[in-house]
Amino acid sequence: MNIVDMNLIKRSIYIGVPIVMFLASCTSKTDQSCCTVHSQQELSASMQRYKTQWENKEPRENEFYSCFKYKPLKGLEYEEGISRRDPSTVIKVADKYYVYYTRSPKTPAPVGYKKATESLPANTWDLCDIYYATSTDGETWEEQGVAAARGPEGEFDDRSVFTPDIMVYEGKYYLYYQAVKFPYQQRTRNVIGMSWANSPDGPWHRNPKPVLEPGEPGVWDGEVDDRSKILKYGAFDSHKVHDPNLIIRDGKIWMYYKAHPMGVHSKLKKPYPDFSMGVAISDTPEGPFVKHHLNPISASGHEALVWPYKDGVASLITANGPEKNTVQWAKDGVNFEVKAHVVLPPDAAGLFCPDKYDNTKNGKGFTWGLCHIAQKPSKPWAYLMAFECDLSSVVENSKYKKENIRFDEYSRVNSNRSFHWKK
Ligand code: AAL
C-alpha cells in the first residue's frame with residue numbers, strides 16, 4: 222500500500238468513527254429528528270415516582286391519604302389556668318369511651334425552665350398528672366379525675382407525669398407516660414413510667430421503676446443548663462424518651478417513642494436528627510423493653526403515632542424533620558416508607574383504633590380521634606379537641622379524600638406558631 226492510500230484510510234477513520242457514533246446515539250432514541258428530545262420510555266424523576274412510588278394513583282384513590290376535619294369537644298374545652306393535652310389512644314369499654322391525658326392543676330401561665338419553681342410550671346406539661354375522661358358519643362366528655370399520679374418525693378416521677386398512652390393487654394389496662402424528676406430543667410432526662418389497673422377506672426398501681434430510659438449518654442459542655450451545649454453526642458435518645466405509643470404485634474408489645482439526643486440545636490455535626498422515633502419491644506408490660514438495633518426507625522416526626530394497618534404498621538409523621546406531614550407504612554413495623562403527604566394533621570393525636578392491641582395482621586385503621594391545641598400567647602393553656610379523617614381500610618369516605626386545601630388569612634396566621642406578626 223502506498224503513502225497516499227494510507228492517508229486516505231486514516232482520514233476516513235478520523236471522520237467515519239465520530240459519524241457512526243453520532244448516528245448510533247441518534248438511532249437509540251425513538252425521535253430521530255433531534256437527539257435532545259427523549260423517548261417516551263424515558264421519564265423524569267417525578268414521573269418515575271408517579272409510576273412506582275405512587276402507583277399511577279390520584280391521592281383520592283390512596284388509602285393512606287386523608288384530610289382532617291376538626292371539631293370542639295364539650296366538657297374538655299379551653300379552661301383558664303388548667304392545661305389538658307396529649308390525649309392517649311381512645312378505648313371503648315362496654316358502652317363508654319375512655320381517654321387519658323396530661324392535666325395540670327390550676328396554676329399561673331407557664332414561665333419557662335429558668336423561672337420555674339416548686340409551684341410555677343415551666344411549660345404546659347409540667348407539674349401534671351394523668352387524668353381521664355369518659356364519653357358515650359366521643360363528643361361530650363366528663364372528666365373523672367386522676368388516673369396515674371406523680372410519684373412520691375425523691376422518685377423518678379416526682380415532678381410531672383405526662384403524654385400517656387393506654388394499652389389493653391390480657392384483660393388489664395396499662396398506662397405508659399413520660400416522667401420527670403424535680404428540678405425540671407432543660408437538661409433534665411425524661412423517662413417512661415407505667416401504671417396498671419384491672420379496670421379502666423383504676424385503681425392504678427405505679428410501677429416503681431421506669432420501663433424505658435434514655436440511651437448511652439453524650440457529654441454536656443459546662444454546667445450552664447443549656448441542652449444545645451455538648452462536647453460529644455451519645456445515642457439518638459441520649460437525653461429524652463417521649464410519647465410512648467403502643468401496639469401488639471407478633472405477640473409482643475411494641476413501644477414506639479419519640480427521642481431527643483443530648484445536643485438538640487447543637488452546632489456539632491449531627492449523627493442523628495434532633496427529633497426522631499425509636500421502637501422498643503417487650504414480652505411483658507413491665508419490660509424489659511429492648512430497643513431495636515435499627516433505631517432510630519424514623520428520622521422525622523413529633524409525638525410517635527402508630528397503628529396496625531393491613532399486615533404492617535402505619536405511622537403519622539408530623540411537625541418535625543424532612544418527612545413531616547406524611548403517612549408512612551412499614552410491612553415489618555421498622556422500615557417505614559412515605560405513602561402519602563397530608564396537610565394540617567392533628568397535633569399529639571390519640572386514635573380510636575379498636576384493633577390497636579389485637580395482635581392483628583389485618584389492621585383496619587381509624588376514622589377519628591382526639592388531639593390538642595397547644596398553648597399560644599392569647600391562650601396559654603393547652604386543650605383537647607376531636608378530629609375526623611379516613612385512614613380506614615373499611616370505610617370509604619370521599620369527604621376526607623379532598624386535595625387543594627386552602628386557608629383564609631385567620632387560619633393561616635393561627636395555624637403557624639412561628640409566624641405571628643407582632644403589632
Ligand atoms: C409534646 C410531646 C411530649 C413532650 C412535650 C410534652 O409535644 O412531644 O409531651 O415532652 O411536648
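Going by the working numbering, the sequence shown opens with residue 222, and the numbers climb by one from there.
C-beta atoms are modelled at their ideal positions from N, C-alpha and C, and glycine is treated no differently.
Between the CA atoms of residue j and residue i - distance to the nearest angstrom
i    : j    : result
K336 : D379 : 19 Å
M268 : P293 : 41 Å
R305 : G571 : 13 Å
D385 : F285 : Checking the sequence, you will find Pro at residue 385 rather than Asp. Cα-Cα distance, rounded: 25 Å.
D419 : H523 : Looking at the sequence itself, residue 419 is Asn, so the reference to Asp does not match. In a straight line, the C-alpha of N419 is about 31 Å away from that of H523.
G296 : L264 : 55 Å
G414 : Q399 : 6 Å
V511 : A569 : 25 Å
T323 : K620 : 32 Å
Y291 : G372 : 35 Å
D422 : T273 : 48 Å
D347 : R410 : 14 Å
K582 : N516 : 23 Å
C288 : G443 : 46 Å
S599 : Y299 : 12 Å
K585 : R470 : 14 Å
P575 : K327 : 33 Å
D477 : H463 : Correcting the residue identity first, residue 477 is Tyr in this sequence and not Asp. Distance between the alpha carbons of Y477 and H463 is about 9 Å.
F496 : N541 : 7 Å
I538 : E376 : 33 Å
N625 : L467 : 33 Å
A554 : Y390 : Inspection of the sequence shows that residue 554 is occupied by Gly rather than by Ala. Approximately 19 Å between the Cα atoms of the pair.
K402 : I451 : 22 Å
G499 : V615 : 29 Å
H460 : R408 : 8 Å
G439 : V564 : 36 Å
W475 : A551 : 14 Å
F587 : W528 : 9 Å
V332 : D532 : 46 Å
A595 : E630 : 20 Å
K491 : A525 : 21 Å
N283 : K622 : 8 Å
A561 : V445 : 42 Å
G436 : R448 : 16 Å
T310 : A266 : 39 Å
P406 : V367 : Here residue 406 turns out to be Gln, not Pro, going by the sequence shown. If I take the Cα positions, the gap works out to 25 Å.
F557 : H593 : 25 Å
P509 : H486 : 31 Å
L433 : Q262 : 52 Å
C247 : P543 : Bear in mind that the predicted position of C247 carries a pLDDT of just 41, short of 50, making it too unreliable to give a figure here.
A315 : D579 : 17 Å
L341 : P329 : 7 Å
F628 : P567 : 16 Å
K317 : T361 : 11 Å
S519 : H513 : 12 Å
K279 : Y271 : Lys is not the amino acid found at residue 279; the sequence shown has Glu there. The straight-line gap from Cα to Cα measures roughly 9 Å.
P431 : V382 : 12 Å
L396 : W275 : 38 Å
S254 : R281 : The predicted model places S254 with a pLDDT of 42, which falls under 50 and marks its position as unreliable; any figure quoted below should be read in that light. About 40 Å.
Counterpart residues of residue i in DSSP-defined beta bridges
i    : result
G590 : L572 and F608
E363 : T355
G584 : K531
I387 : L396
V320 : A354
L467 : M476
K461 : N411 and H481
S381 : V401
Y291 : F608
R305 : R324
E300 : I303
I201 : The question about residue 201 has no answer, for the chain in this structure spans 222 to 644.
S416 : L396 and R427
K600 : K597
Item to check | 3 or more residues per run - each beta strand (DSSP E) lying fully within the segment 418-454 | outcome: As far as the segment 418-454 is concerned, its whole beta strand (DSSP E) runs of at least 3 residues are 451-453.
Item to check | Contact between the segment 451-459 and the segment 467-487 (3+ Cβ pairs under 8 Å) | outcome: By the Cβ criterion, the segment 451-459 is in contact with the segment 467-487, since at least three pairs of Cβ atoms, one from each stretch, lie closer than 8 Å.
Next on the checklist: If you measure from each CB to the nearest heavy atom of the ligand AAL and keep those under 6 Å, what residues do you get, in chain order?
Outcome noted: Near the ligand AAL, meaning a Cβ closer than 6 Å to any of its heavy atoms, lie the following residues in chain order: D307, W346, F383, T384, Q399, H463, D464, K479, H523, E524 and A569.
Next on the checklist: Quick check on the DSSP output: what are the complete beta strand (DSSP E) runs of length 3 or more inside the segment 496-563, in order along the chain?
Outcome noted: Within the segment 496-563, the complete beta strand (DSSP E) runs of at least 3 residues are 497-503, 527-531, 533-538, 547-551 and 558-562.
Next on the checklist: For the segment 356-368 against the segment 427-434, do three or more pairs of beta-carbon atoms, one drawn from each stretch, fall closer than 8 Å, so that the two count as touching?
Outcome noted: The segment 356-368, when compared against the segment 427-434, does not touch it at the 8 Å Cβ threshold.
Checklist entry - Are there three or more Cβ pairs, one per stretch, closer than 8 Å when the segment 588-605 is compared with the segment 302-316? => result Yes, since at least three Cβ pairs between the segment 588-605 and the segment 302-316 fall closer than 8 Å, the two stretches touch.
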